[in-house]
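Okay, so the sequence shown: first residue is 5 according to our numbering, each after it adds one. Only one structure is covered here, and it is reproduced in the block below.
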Amino acid sequence: MLARGMSAQFSAADLHLRFGGVVALAGVSIDVERGEIFAIIGPNGAGKTSLLNAVSGLYRPQRGRITLEGRDITGLAPYRVAKLGVARSFQNIELFAGMSVLDNLMLGRHVHMRGGVLDGAVYWGRARAEEVRNREVVEDIIDFLEIEHIRKHVVGTLPYGLQKRVELGRALAVEPRLLLLDEPMAGMNLEEKEDMARFVLDINEERGVTVVLIEHDMGVVMDISSHVAVLDFGKKIAQGTPDEVRADPNVIKAYLGEESEAIRAAERAIAAEPVA
């Protein structure tokens, strides 16, 4: 069996990213295996979104290398990264609020649209064939995400949880091999979180898409992730299985602080005392 990293579908190696005097990433390296759900966690300001922005081409790191299936994609423009099969959602919803659900999802097909003006003038031209194919893909996504009942609704009129689902659908319309999700469950109630977690699992298991996930809900992270990396102040402080990361003292300190760890130690000591 190859060591982890040797067979990685996606890798970020020694990434450094700064904005003036602010260090966003300081030598961060991760390897994501094909077909897994890989979570990135950490306190606010740890560099999680900056890492996804570097991967998707929104930021260009000053140092380091990003590879997708062996190809160096460091610094490529976002549309070129998308054409290689990388799609993402954003921490804040980035949809066209005045357009319908269907039209927003169709926009996700832009990287697959090749028909030109002349093709569009001929009914049976390439543009017509593309339109049919793109519509089929989008309709399949609508069925998959269980949003048939809102397909013609204007996005801006929808509840927040459904808007997040539409944004996920637009990312799926790219037909990605690697899906980057930035806090897809933020602001959701329990039922909405359960639905979104189910969709993420189905995307991974049924559609074979590798998922890199930023999420603050540790219950979700521990339930659906195969590996977890932890960032703090732009550095990776831990990586491993959910159980390994949960027990890592550096992670406990980053999230809870020294005082909370002292409380945990006291609780363990009390539990170990014999009952009188």
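By construction, the Cβ of each residue, glycine as well, lies at the ideal position given by its N, Cα and C atoms. Small disclaimer: the values here were computed from a predicted structure and weren't measured.
- Ranking Y63, G238, E152 by CA distance to the CA of A28 puts G238 first.
- Leaving aside the five residues that flank N208 on each side, the residues in its chain whose CB is nearer than 6 angstroms to its CB run, in chain order, I41, V215.
- Looking at the DSSP output, V32 bridges to L19.
- Residues P47 of the same chain have their beta carbon placed closer than 8 angstroms to that of Y259, with the five preceding and five following residues left out of the count.
- Membership of G165 in any beta strand (DSSP E) is not indicated; the residue belongs instead to the alpha helix (DSSP H) covering 164-176.
- Short of 6 angstroms from the beta carbon of G51, and not among the five residues preceding or following it, lie these beta carbons of its own chain, in chain order: A28, L29, L235, G238.
- Comparing C-alpha distances from L149 to each of F203, A177, F14 shows the shortest one belongs to F203.
- Residue nearest to M103 within the set Y83, K156, T78 is K156 (criterion: CA-CA distance).
- Annotation: the stretch 178-209 contains the following complete segments of the beta strand (DSSP E) (minimum length 3 residues), in chain order: 182-186.
- The Cβ-Cβ distance between G191 and G39 does not fall below 9 angstroms.
- Bounds of the alpha helix (DSSP H) holding A58 are 52-59.
- For L72, the uninterrupted beta strand (DSSP E) run begins and ends at 67-72, by DSSP.
- The alpha-carbon separation between T245 and D227 amounts to approximately 11 angstroms.
- Its Cα nearest to that of Q95, the residue R169 stands out among R169, K257, A242, D206.
- Between L109 and V90, the C-beta spacing is not below 9 angstroms.
- Between V224 and A251, the gap from beta carbon to beta carbon reaches 9 angstroms or more.
- For G244, the pairing in a beta bridge is given by DSSP as V232.
- In this structure, the beta-carbon distance from H116 to R137 falls below 9 angstroms.
- By the Cβ-count criterion, Q66 is exposed, with fewer than 16 other Cβ atoms from all chains shown falling within 10 Å of its own Cβ.
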